[in-house]
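Peer 1: Chains as they are written, first to last, in numbering that gives the first Met the number 0: chain A, 0 to 221; chain B, 0 to 88. Structure incoming, see below.
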Amino acid sequence: MMPSATDEEFDAALLEALRRGDEKAFAWVIDAWSPGMLRLARCYVPTDALAEDVVQEAWLGALRGFDGFEGRSRLRTWVLRIVANIAKSWGEREHRVTPFSSASFGEGPTVGAERFNPPGEPKAGAWRALPASWPALPEGELLSAEALAVVRQALADLPDAQRAVIALRDLDGYGSSEVCEALGLTEGNQRVLLHRARAAVRQRTESYFSDRQGRAHGEGQL
Amino acid sequence: MIFRRRRRPAPLSCQELVELVTDYLEGALDEQTRARFEAHLADCDGCSEYIEQMRETIRLVGRLGKGDLPPQARAKFMTAFEDWKTEQG
Numbered sequence: 000m001m002p003s004a005t006d007e008e009f010d011a012a013l014l015e016a017l018r019r020g021d022e023k024a025f026a027w028v029i030d031a032w033s034p035g036m037l038r039l040a041r042c043y044v045p046t047d048a049l050a051e052d053v054v055q056e057a058w059l060g061a062l063r064g065f066d067g068f069e070g071r072s073r074l075r076t077w078v079l080r081i082v083a084n085i086a087k088s089w090g091e092r093e094h095r096v097t098p099f100s101s102a103s104f105g106e107g108p109t110v111g112a113e114r115f116n117p118p119g120e121p122k123a124g125a126w127r128a129l130p131a132s133w134p135a136l137p138e139g140e141l142l143s144a145e146a147l148a149v150v151r152q153a154l155a156d157l158p159d160a161q162r163a164v165i166a167l168r169d170l171d172g173y174g175s176s177e178v179c180e181a182l183g184l185t186e187g188n189q190r191v192l193l194h195r196a197r198a199a200v201r202q203r204t205e206s207y208f209s210d211r212q213g214r215a216h217g218e219g220q221l
Numbered sequence: 000m001i002f003r004r005r006r007r008p009a010p011l012s013c014q015e016l017v018e019l020v021t022d023y024l025e026g027a028l029d030e031q032t033r034a035r036f037e038a039h040l041a042d043c044d045g046c047s048e049y050i051e052q053m054r055e056t057i058r059l060v061g062r063l064g065k066g067d068l069p070p071q072a073r074a075k076f077m078t079a080f081e082d083w084k085t086e087q088g
């Protein structure tokens with residue numbers, strides 16, 4: 000279901016229904032927002048079961064808080080922030096290091112220096128070999144399914160903080176200011192995490208396509 | 000008097016450009032850097048391909064789908080609603 004009215008009108012109607020205890024409205028927000036909330040919680044706590052407990056706790060907190068919600072942010076952002084706060088304190092209880100440590104930001108270039116001409120050479124910093132273009136990935140084709148599996152695994156292998164940001168932005172469709180507010184990040188730090196995450200997923204996808212091409216050539220020579 | 004021209008900013012290298020792609024897509028570059036970015040892009044097949052691959056990466060992540068809520072998780076979250084209703088009396 001997509002809100003047909005403006006975001007504000009949609010939020011106001013939703014909030015009004017939730018405040019009066021409309022079960023259908025609650026079922027709708029549960030279905031629409033919980034998958035992203037679970038993914039976010041899982042970045043802080045070590046198991047899926049704990050992530051579910053965090054989200055359950057967050058929903059109860061949200062229900063209790065709807066009356067006091069002042070509308071300074073979007074409703075879904077406010078709920079996401081409750082998840083992040085609960086998950087953070089539960090993660091600390093489990094003696095997990097905060098996902099947003101400086102290490103999670105990574106360091107060094109996101110594209111290997113070996114891909115560019117070295118300093119001092121003519122055209123220093125230019126591509127040594129241009130990135131090869133990717134095949135089209137129409138819905139329902141085997142290649143698309145394989146590529147999506149590679150992307151899913153690449154996301155799973157990211158540092159927690161990077162995965163939290165790329166999933167909220169590119170999978171769940173939250174805006175940058177929403178992610179900053181929910182996770183307590185500056186715009187700059189949010190962009191760094193997003194950039195590193197997207198660049199890492201791009202790299203894995205590129206490697207998959209080039210390995211696949213290599214295999215196809217190998218088979219052709221047999 | 001010496002005729003002074005405003006010095007043109009140094010062109011971006013490909014290696015510099017790839018680290019600015021997200022700032023560019025997010026509209027976070029200052030005007031001058033954005034102009035340098037776009038000037039480089041207009042003239043560079045490698046970087047055009049790179050930025051297209053970043054856009055495709057964003058689309059592919061979006062295609063993973065949010066996934067369905069496991070039924071037992073959904074049931075658990077709905078109990079939060081029942082608990083709250085009980086609290087309300």
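Backbone N, C-alpha and C fix where the C-beta goes; we use that ideal spot for every residue, glycine too. Since the structure is predicted, the reported quantities are computational estimates derived from the model, not experimental observations.
To the nearest angstrom, report how far apart Asp159(A) and Glu91(A) are at their CA atoms.
Peer 2: For the purposes of this step, residue 159(A) is identified with residue 160 of the first sequence, where counting begins at 1. For the purposes of this step, residue 91(A) is identified with residue 92 of the first sequence, where counting begins at 1. Their backbone Cα atoms lie some 14 Å apart in a straight line.
Peer 1: I'd like to check one pair, Ser33(A) with Leu68(B): are the Cβ atoms closer than 8 Å?
Peer 2: Residue mapping note: residue 68(B) aligns to position 69 of the second sequence, counting from 1. Residue mapping note: residue 33(A) aligns to position 34 of the first sequence, counting from 1. Yes. Within cutoff.
Peer 1: Would you identify the three-state DSSP class for Ala11(A), choosing helix, strand or coil?
Peer 2: To locate residue 11(A), count along the first sequence from 1; it is residue 12. Of the three classes helix, strand and coil, the one that applies to Ala11(A) here is helix, per DSSP.
Peer 1: Show which residues of chain B have a CB atom less than 7 Å away from the CB atom of Ser209(A).
Peer 2: Along the first sequence, one-based indexing puts residue 209(A) at 210. By Cβ distance, chain B contributes nothing, its closest Cβ being about 12 Å from Ser209(A), past 7 Å.
Peer 1: Quick one: give me the first and last residue of the alpha helix (DSSP H) that Pro70(B) is part of.
Peer 2: Mapped onto the second sequence, residue 70(B) falls at position 71. Run containing Pro70(B): Pro70 to Gln87, per the alpha helix (DSSP H) assignment.
Peer 1: Grouping DSSP H, G and I as helix and E and B as strand, with all else coil, what is Phe104(A)?
Peer 2: The sequence position of residue 104(A) within the first sequence is 105, counting from 1. Correct three-state label for Phe104(A): helix.
Peer 1: Determine the chain A residues that contact Phe36(B) at a beta-carbon separation under 7 Å, and present them in chain order.
Peer 2: On the second sequence, residue 36(B) is found 37 positions in, with the first residue counted as 1. Within chain A, no C-beta atom comes nearer than 7 Å to that of Phe36(B); the closest sits roughly 14 Å away.
Peer 1: Distance, Cα to Cα, Ser88(A) vs Leu182(A)?
Peer 2: Stepping through the first sequence from its first residue, residue 88(A) is reached at position 89. Stepping through the first sequence from its first residue, residue 182(A) is reached at position 183. Looking at the two C-alpha atoms, the distance is approximately 13 Å.
Peer 1: Do the region 102-109 of chain A and the region 190-197 of chain A meet, that is, are 3 or more Cβ pairs less than 8 Å apart?
Peer 2: Cβ pair count under 8 Å is three or more, so yes.
Peer 1: Touch check for the region 33-46 of chain A and the region 156-175 of chain A: three-plus C-beta pairs under 8 Å?
Peer 2: yes
Peer 1: Which class does Phe68(A) belong to by DSSP, given the choice of helix, strand or coil?
Peer 2: Position 69 of the first sequence, counting from 1, holds the residue named residue 68(A). It is coil, neither helix nor strand.
Peer 1: Check each residue of the region 104-122 of chain A: if its Cβ is closer than 7 Å to any Cβ of chain B, include it; give the result in chain order.
Peer 2: Pro108, Thr109, Val110 and Phe115
Peer 1: Using a beta-carbon distance below 8 Å, is Thr204(A) in contact with chain B?
Peer 2: Here residue 204(A) is taken as the residue at index 205 of the first sequence, counted from 1. By this cut-off, Thr204(A) is an interface position.
Peer 1: Using the Cα positions of Leu11(B) and Ala125(A), report the straight-line distance between them to the nearest angstrom.
Peer 2: For the purposes of this step, residue 11(B) is taken as the residue at position 12 of the second sequence. For the purposes of this step, residue 125(A) is taken as the residue at position 126 of the first sequence. If I take the Cα positions, the gap works out to 10 Å.
Peer 1: Given Gly217(A), which residues of its chain have a CB within under 6 Å of its CB, disregarding the five upstream and five downstream residues?
Peer 2: Position 218 of the first sequence, counted from the start, is the residue given in the question as residue 217(A). Excluding residues within five positions, none has a Cβ falling inside 6 Å.
Peer 1: Which residues in chain A sit within 8 Å of Gln87(B), going by Cβ to Cβ distance?
Peer 2: If you number the second sequence from 1, residue 87(B) lands on position 88. Within 8 Å of the CB of Gln87(B), the CB atoms of chain A belong to Gly20, in sequence order along the chain.
Peer 1: Mark Ser3(A) as exposed unless 16 or more other C-beta atoms lie within 10 angstroms of its C-beta, in which case mark it buried.
Peer 2: Position 4 of the first sequence, counted from the start, is the residue given in the question as residue 3(A). Residue placement at Ser3(A) is flagged as unreliable, the pLDDT there being 47, under the threshold of 50; a coordinate-derived value is accordingly withheld.
Peer 1: Assess, as a yes-or-no matter, whether the region 16-33 of chain B is touched by the region 134-151 of chain A under the definition of 3 or more beta carbon pairs within less than 8 Å.
Peer 2: no
Peer 1: Measure from the alpha carbon of Ala148(A) to the alpha carbon of each residue in Leu16(B), Gly45(B), Val17(B) and Val60(B), then state which is nearest.
Peer 2: Translated into the one-based positions of the first sequence, residue 148(A) becomes position 149. Taking only the C-alpha atoms, the option nearest Ala148(A) is Val60(B).
Peer 1: Applying a beta-carbon distance threshold of less than 7 Å, which residues of chain C neighbour Gln14(B)?
Peer 2: Although the question refers to chain C, the structure presented lacks it and instead comprises the protein chains A and B.
Peer 1: Could you give the residue range of the alpha helix (DSSP H) that holds Val78(A)?
Peer 2: By one-based count along the first sequence, residue 78(A) stands at place 79. Its alpha helix (DSSP H) spans residues Leu74 to Arg92.
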